[in-house]
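S.K.:
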Amino acid sequence: MVDRIVKRKKYAVVVTTYGEVEDLKIRNLWPSSRKILRVVTRQIVAVPDALIHVIADYRSVRHYLKWKRSRYQSTFLAIHRAQTKMLAEGIASADVLPGADITVLDAYYFVPPYLDRVIESIHEKYDGIVVLPLIPVESAFSCGVACQMILDACRESVFGKVRVVSRMWKDERLLQIYADYLFGELDESIKRVRQWKVGLVL
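Our numbering puts the first residue of the sequence shown at 87, with every later residue one more than the last.
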């Protein structure tokens with residue numbers, strides 16, 4: 087009698103968004119700016135490599151000066167990492183697919199770890215990959231970027247294994263979560279105003 091060894095399925099959930107430079111240095115802004123131009127601008131017009139470098143350098147210096155003057159310190163990646171951790175804990179506690187191992191990773195369009203490189207490095211190690219862009223409104227410049235980066239990394243064959251979550255803006259439960267959070271964050275002085283109806287324009 088031969089015992090059959092059942093191999094557990096392995097799935098990855100890659101939580102992604104565009105990303106911001108955390109350590110404000112021009113040398114950190116340069117690769118981010120170049121990546122933005124290569125990935126996004128090419129959807130509109132072909133830009134020569136030399137021009138990409140010139141525009142990226144200008145953009146990086148401009149952002150550096152603007153953020154320095156305003157003393158801006160990005161918390162974007164820290165928030166994203168916390169959201170990814172919460173999602174991983176939620177999946178683990180919900181016992182989703184008990185016969186499989188699920189790994190939750192974070193990745194970004196324009197700062198390391200880059201989405202395309204993450205997909206390229208893991209797509210042969212997992213039986214399936216779900217890419218979850220945490221961008222509520224879709225366009226060629228948001229969720230479309232995720233699809234393009236995946237294509238660049240692994241070509242069309244990868245979509246047999248990789249799925250990009252889309253149309254989140256149609257999920258009424260998610261929209262209610264957004265609304266509850268946003269109105270919950272309103273200043274207390276606004277909440278106390280009874281004679282007006284409070285609206286929020288985004």
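Ideal placement from N, C-alpha and C gives every residue a C-beta, glycine not left out.
The structure presented is a predicted model; accordingly, all values stated were derived computationally and were not measured.
Put Leu191 into one of helix, strand or coil per three-state DSSP.
M.R.: On the sequence shown, position 105 is the one that residue 191 refers to. It is a strand residue.
S.K.: Tell me Pro219's beta-bridge partners as DSSP assigns them.
M.R.: If you number the sequence shown from 1, residue 219 lands on position 133. Paired residue(s): Thr102.
S.K.: Looking only at its own chain, which residues have a Cβ that is under 7 Å from the Cβ of Ala178, when we skip the five neighbours before and after it?
M.R.: Here residue 178 refers to the residue found at position 92 of the sequence shown. Closer than 7 Å at the Cβ level, and outside the excluded window around Ala178, lies no residue.
S.K.: At a threshold of 7 Å, does Gly230 count as lining the ligand MN (C-beta to nearest heavy atom)?
M.R.: No copy of the ligand MN appears in this structure; indeed no ligand is present at all.
S.K.: Quick one: what's got a C-beta closer than 8 Å to Arg120's C-beta in the same chain, skipping five residues either side?
M.R.: As a working note, residue 120 is residue 34 in the sequence shown. Excluding sequence neighbours, Arg120 sits near Ile138, His139, Ala142.
S.K.: Over what stretch of residues does the beta strand (DSSP E) that includes Val248 continue unbroken?
M.R.: Numbered from its first residue, the sequence shown carries residue 248 at position 162. That run of the beta strand (DSSP E) goes 248-250.
S.K.: Do you know how far the Cα of Val101 is from the Cα of Leu220?
M.R.: Against the sequence shown, residue 220 aligns to sequence position 134. Against the sequence shown, residue 101 aligns to sequence position 15. Taking the straight line from one Cα to the other gives about 7 Å.
S.K.: Once DSSP output is grouped into helix, strand and coil, what is the label at Tyr144?
M.R.: Taking the first residue of the sequence shown as 1, we reach residue 144 at position 58. Helix at Tyr144.
S.K.: Go ahead and pull the three-state DSSP assignment for Lys211.
M.R.: For the purposes of this step, residue 211 is taken as residue 125 along the sequence shown, with counting starting at 1. Correct three-state label for Lys211: coil.
S.K.: Would a check of beta-carbon distances place Leu218 closer than 8 Å to chain B?
M.R.: Checking the listed chains, one finds no chain B in this structure; it contains a single protein chain.
S.K.: Please work out which residues of its chain come closer than 7 Å, Cβ to Cβ, to Cys229, disregarding the five sequence neighbours upstream and downstream, and give them in chain order.
M.R.: Along the sequence shown, one-based indexing puts residue 229 at 143. Correct list, in chain order: Pro219, Ile221, Val250, Ser252.
S.K.: Applying the 10 Å Cβ sphere with the 16-neighbour rule, what's the burial state of Ile165?
M.R.: Counting from 1 along the sequence shown, the entry for residue 165 is found at position 79. Classification for Ile165: exposed.
S.K.: Which residues in the same chain as Val248 place their Cβ atom closer than 7 Å to its Cβ, once the five residues preceding and following it in sequence are excluded?
M.R.: Translated into positions along the sequence shown, residue 248 becomes position 162. Ile205, His209, Ile215, Val217, Ile236.
S.K.: At the level of alpha carbons, what is the spacing between Arg94 and Ile188?
M.R.: Looking up residue 94 in the sequence shown gives position 8. Looking up residue 188 in the sequence shown gives position 102. Using only the alpha carbons, I get a separation of about 10 Å.
S.K.: What residues in its chain sit with their C-beta under 8 Å from that of Gln234, if we drop five residues either side in the sequence?
M.R.: The count along the sequence shown starts at 1 and reaches residue 234 at position 148. Excluding residues within five positions, the ones whose Cβ falls inside 8 Å are Val125, Gln129.
S.K.: Return the first residue and the last residue of the alpha helix (DSSP H) that Ala132 is part of.
M.R.: As a working note, residue 132 is residue 46 in the sequence shown. Segment: none, Ala132 is in no alpha helix (DSSP H) and carries neither H nor E.
S.K.: Quick check on the burial criterion: 16 or more other C-beta atoms within 10 angstroms. Buried or exposed for Tyr144?
M.R.: The residue you call residue 144 lines up with position 58 of the sequence shown. Exposed, since its Cβ has fewer than 16 Cβ neighbours within 10 Å.
S.K.: Can you tell me whether Gly105 is buried or exposed? The criterion is at least 16 other CB atoms within 10 Å of its CB, across all chains shown.
M.R.: Counting from 1 along the sequence shown, the entry for residue 105 is found at position 19. Buried is the call here.
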